[in-house]
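Undergrad:
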Amino acid sequence: MTNLLVKELLALPPESQDVTVRGWVRTKRDLKNLVFVEVNDGSAFDGIQCTFDRGGGSLGAALETSLSALSTGASVEVRGALVPSPASGQAVEVAATVLTLIGDAPAENTDGIPAYPLQKKRHSLEFLREIAHLRARTNTFGAVARVRSRLGFAVHQFFQERGFQYLNTPIITASDAEGAGAMFQVTTLDLDALGRSGKVPDYGKDFFGKRSYLTVSGQLEAETYAAALSRVYTFGPTFRAENSNTTRHLAEFWMIEPEAAFAELEDNMALAEDFLKYIFKTALSDCSADLAFFDAHVEKGIIDTLRSVVDLPFVHMSYTDAMTELERAIKAGTAFEFKPYWGCDLQSEHEKYLTEKVVKGPLIVTDYPKEIKAFYMKMNDDNKTVRAMDVLVPRLGEIIGGSQREDSLARLEARIREMGMNPADYGWYLDLRRYGTVPHSGFGVGFERLIQYVTGMANIRDVIPYPRAVGQAEF
Ligand code: 4AD
Ligand code: MG
0 MTNLLVKELL ALPPESQDVT VRGWVRTKRD LKNLVFVEVN DGSAFDGIQC TFDRGGGSLG
60 AALETSLSAL STGASVEVRG ALVPSPASGQ AVEVAATVLT LIGDAPAENT DGIPAYPLQK
120 KRHSLEFLRE IAHLRARTNT FGAVARVRSR LGFAVHQFFQ ERGFQYLNTP IITASDAEGA
180 GAMFQVTTLD LDALGRSGKV PDYGKDFFGK RSYLTVSGQL EAETYAAALS RVYTFGPTFR
240 AENSNTTRHL AEFWMIEPEA AFAELEDNMA LAEDFLKYIF KTALSDCSAD LAFFDAHVEK
300 GIIDTLRSVV DLPFVHMSYT DAMTELERAI KAGTAFEFKP YWGCDLQSEH EKYLTEKVVK
360 GPLIVTDYPK EIKAFYMKMN DDNKTVRAMD VLVPRLGEII GGSQREDSLA RLEARIREMG
420 MNPADYGWYL DLRRYGTVPH SGFGVGFERL IQYVTGMANI RDVIPYPRAV GQAEF
């Protein structure tokens, strides 16, 4: 790459060297002697100001014509000298002398092409979702994309620095890792023909010779590698066919799943806390311009919130104690839509109450009733609760779900049966308990929930380039 990005140009000392800027026009202002063109290439939050100076005369007919035709969204190449900027908020600008229009973006409907939809004004997030192929050119979505990129890298840094090996688990699978039945089926059977014939599908004749699905989690396969490499993590796409149309659920999302051998629930909780703090610290130090934008325009105070979370230890609370808090809240007059009782799954409103009103920060809830958790979690001695942990945060509720795994063959088999599943379907998974079983633990973080928390974006559909949700697979 020979040409410099705007981010690199902005960091150069202003010593009048010749530079070339390439990017898309954000704004143009024509003031008598000066024409200001702000060019943004997405490499940084800020664009670079290119100033064309008429110096009382004219810039020449050709340049004047190009400048007057220039509109928001056009792609350009500008050449000139990098000089100290007299304007506030920017150290340097380009004293521009050459302008090349690469691709026009008409501001009016022309020749059957509708006007460029991103004119200089505020657009609603709903509108931008409809033009998701162009929304990365806005301040908000450019910032989200940069934060996502930097934090994706930070995920790898965090685990690699701690001896975790990166593992790629299968996307197509025959097993339901969560036992929750929210899976998308994968098939090459001719459904139209099957429908017409009225016959029952024969999955033995399907592509994989059995019923197959898109994975809901790479955990079970990750456990097999943790039982060989000690520490592993996955970072890949996961799919859930839950019919939940909320601001926190996607049908396709990216999950990070560390799994460690010789690790108990306490180690798991400490790892989750370190992980979140590492990610938040990286965002504060390496995404400061983007975070300043989110703080000013999306979620006031988000920077202070992240700073305080990095400094304070996370509160731990058992599910049973959490219930006591909620019952106390009801006695004190709090009205929940869903009345909590011991044994119920925590609803979003309960999670919010606990994090926002009780602990005022992140909270790790542990030891949930076995009935509301997956089959693989380690049973406590009470035979009623399991060694589960959910990390809850204000605004979002659950950001991490994890557990210590059941490492006893007899107990795991019994649990699988108790839940109406067939141990034969999990033979390979049970082998881990047959041969060299060890205490082990892990958790899953929804990458989009993490980005939501850091940016303050309210809807999960706005922190992934092309959201997939019920009724939505556009682009
Ligand atoms: O709590 P979940 O379902 O846990 C698991 O899948 C375990 N196998 C993880 C493990 O122990 N290895 O999901 C983990 C996290 C949730 O806390 C949430 O952040 C995210 O994944 N998540 C979703 N994010 C977006 N859309 C959805 N539909 C999500 N479902 C879960
Ligand atoms: Mg969960």
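Reading the sequence shown from the start, the letters are residues 0 to 474 in the working numbering.
Don't be surprised by glycine CBs; every beta carbon is placed ideally from N, CA and C.
(1) Below 8 Å on the Cβ atoms is my contact criterion, and I expect L9 with A43 to pass it. Report the Cβ-Cβ distance as a whole number of Å.
(2) Can you tell me which residues fall inside 7 Å of the ligand MG, judged by beta-carbon distance to its nearest heavy atom, and keep chain order?
(3) Thinking C-beta only, is R416 closer than 8 Å to E222?
(4) Cβ atoms of V38 and G46: under 8 Å apart, would you say?
(5) Are the CB atoms of L305 and V453 nearer to each other than 8 Å?
(6) What do you get for K369, buried or exposed, if any count of 16 or more other CB atoms within 10 angstroms of its CB means buried?
(7) At which residues does the alpha helix (DSSP H) containing D191 begin and terminate?
(8) Comparing C-alpha positions only, which one of V185, D201 and Q184 sits nearest to A192?
(9) In the DSSP assignment, find the alpha helix (DSSP H) that holds H296 and state where it starts and stops.
(10) Check for me: the beta strand (DSSP E) holding R78 runs from which residue to which?
(11) Let's test the definition: count the other Cβ atoms within 10 Å of the Cβ of F157 and tell me whether it reaches 16, buried, or not, exposed.
(12) Are I278 and A173 close, meaning C-beta to C-beta below 8 Å?
(13) Would F183 pass as a contact of Y212 if the rule is Cβ separation under 8 Å?
(14) Could you check which residue in W253, L188 and V364 has the C-alpha nearest to that of K198?
(15) Using the rule of at least 16 other Cβ atoms within 10 Å of the residue's Cβ for burial, across every protein chain shown, is C441 buried or exposed?
(16) Cα separation between H315 and P361?
(17) Does the ligand 4AD have a heavy atom nearer than 7 Å to the CB of G445?
(18) According to DSSP, simplified to helix, strand and coil, what is P422?
(19) Have a look at E272, Y465 and K377 and flag the residue whose alpha-carbon is nearest the alpha-carbon of A250.
TA: In this structure, then:
(1) Position 10 of the sequence shown, counting from 1, holds the residue named residue 9. Position 44 of the sequence shown, counting from 1, holds the residue named residue 43. That pair is a contact at about 6 Å.
(2) Going along the chain, the residues that qualify are D389, E397 and G400.
(3) If you number the sequence shown from 1, residue 222 lands on position 223. If you number the sequence shown from 1, residue 416 lands on position 417. Cβ distance not < 8 Å, so E222 and R416 don't count as in contact.
(4) The sequence position of residue 46 within the sequence shown is 47, counting from 1. The sequence position of residue 38 within the sequence shown is 39, counting from 1. Cβ atoms of G46 and V38: closer than 8 Å.
(5) Here the question's residue 305 lines up with position 306 in the sequence shown. Here the question's residue 453 lines up with position 454 in the sequence shown. Yes; because the gap between Cβ atoms is below 8 Å, this pair is in contact.
(6) Here the question's residue 369 lines up with position 370 in the sequence shown. K369 is buried by the Cβ-count criterion.
(7) Position 192 of the sequence shown, counting from 1, holds the residue named residue 191. Unbroken alpha helix (DSSP H) run through D191: L190 to S196.
(8) Within the sequence shown, the letter at position 193 stands for residue 192. Ranking the options by Cα distance to A192, first place goes to D201.
(9) As a first step, residue 296 must be located in the sequence shown, where it is residue number 297. S287 to H296 is the span of the alpha helix (DSSP H), which, as asked, contains H296.
(10) Translated into positions along the sequence shown, residue 78 becomes position 79. Boundaries of the beta strand (DSSP E) around R78: S74 to P83.
(11) Position 158 of the sequence shown, counted from the first residue, corresponds to residue 157. Label assigned to F157: buried.
(12) Counted from its first residue, the sequence shown places residue 278 at position 279. Counted from its first residue, the sequence shown places residue 173 at position 174. Cβ atoms of I278 and A173: not closer than 8 Å.
(13) As a position in the sequence shown, residue 183 is number 184, starting the count at 1. As a position in the sequence shown, residue 212 is number 213, starting the count at 1. Yes, these two residues count as a Cβ contact at 8 Å.
(14) On the sequence shown, residue 198 is found 199 positions in, with the first residue counted as 1. Answer by Cα proximity: L188.
(15) Within the sequence shown, the letter at position 442 stands for residue 441. It is Gly, not Cys, that sits at residue 441 in the sequence shown. Flag for G441 reads buried.
(16) Your numbering for residue 315 matches position 316 in the sequence shown. Your numbering for residue 361 matches position 362 in the sequence shown. Spanning the two alpha carbons is a distance of roughly 9 Å.
(17) Here residue 445 refers to the residue found at position 446 when the sequence shown is read from its first residue. Yes; taking the cut-off as 7 Å, the Cβ of G445 has a heavy atom of the ligand 4AD nearer than that.
(18) For this step, residue 422 is matched to residue 423 along the sequence shown. In the three-state DSSP reduction, P422 falls in the helix class (H, G or I).
(19) The residue you call residue 250 lines up with position 251 of the sequence shown. Checked all of E272, Y465 and K377; the closest Cα to A250 is Y465.
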